[in-house]
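Per this note's numbering, the very first residue in the sequence shown carries number 222; after that it's consecutive. Take a look at the structure below.
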Amino acid sequence: MTHLDTNILIALTNADLKAKNWITSQIESHETLCVSSITWYEFLAGPVLPQQVLEIELILDLAPIPFDSHLAIESALLFNSTGRARKRKTDAMIATTALLNGGKLATRNTADFQAFTPLGLELISV
222 MTHLDTNILI ALTNADLKAK NWITSQIESH ETLCVSSITW YEFLAGPVLP
272 QQVLEIELIL DLAPIPFDSH LAIESALLFN STGRARKRKT DAMIATTALL
322 NGGKLATRNT ADFQAFTPLG LELISV
């Protein structure tokens with residue numbers, strides 16, 4: 222299972238060929254692609270056009286993973302264990318969702334998530 226970061230969704234809506242080719246290869250290899258509800262929120266907060274949202278929904282057939290109280294607790298622990306850098310709050314929620322749902326995280330900015338790799342997060346640079 223591969224979790225997608227917000228910047229992957231944005232790249233797809235911007236007709237980024239590298240991102241589209243990567244997504245196509247994942248779909249063809251039957252990789253399960255998913256997003257957290259936090260990622261979906263960030264994407265929908267845009268700016269994004271309704272047509273772009275529809276495109277992502279059609280390409281990926283997504284049902285965002287809900288962010289529940291268990292994920293909230295674990296995200297807070299992850300955030301606190303990596304130094305409480307304010308810029309990592311949302312990234313900690315996305316990383317925790319991937320960690321606790323058995324997957325890797327695909328992103329275009331691995332630097333945002335490097336603090337979480339010693340704690341088990343596997344990153345894929347796209």
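The C-beta atom is built at its ideal place from N, Cα and C for all residues, glycine as well.
Straight-line gap, residue i to residue j (C-alpha atoms, nearest Å)
i, j, result
"Ile-280", "Gln-273", "11 Å"
"Glu-295", "Glu-278", "28 Å"
"Ala-313", "Ala-319", "10 Å"
"Met-222", "Cys-255", "7 Å"
"Glu-263", "Leu-298", "22 Å"
"Ala-266", "Pro-285", "15 Å"
"Ala-240", "Gln-335", "21 Å"
"Arg-309", "Thr-303", "9 Å"
"Thr-260", "His-224", "9 Å"
"Asn-301", "Ser-346", "25 Å"
"Leu-270", "Asn-228", "16 Å"
"Thr-328", "Leu-342", "12 Å"
Reduced DSSP secondary structure (H/G/I, E/B, other) of residue i
i, result
"Ala-306", "coil"
"Ala-327", "strand"
"His-251", "coil"
"Leu-320", "helix"
Continuous beta strand (DSSP E) stretch holding residue i: start and end
i, result
"Ala-266", "Where Ala-266 is concerned, there is no enclosing beta strand (DSSP E), although the alpha helix (DSSP H) it sits in stretches over 258–266."
"Leu-344", "344–346"
Where the alpha helix (DSSP H) through residue i begins and ends
i, result
"Thr-232", "Checking the sequence shown, residue 232 turns out to be Ala, not Thr. Residues 227–234."
"Ile-277", "271–281"
Cβ neighbour criterion (16 or more within 10 Å) applied to residue i
i, result
"Ser-257", "buried"
"Ala-332", "exposed"
"Asp-226", "buried"
"Thr-245", "exposed"
"Ala-232", "buried"
"Ala-316", "buried"
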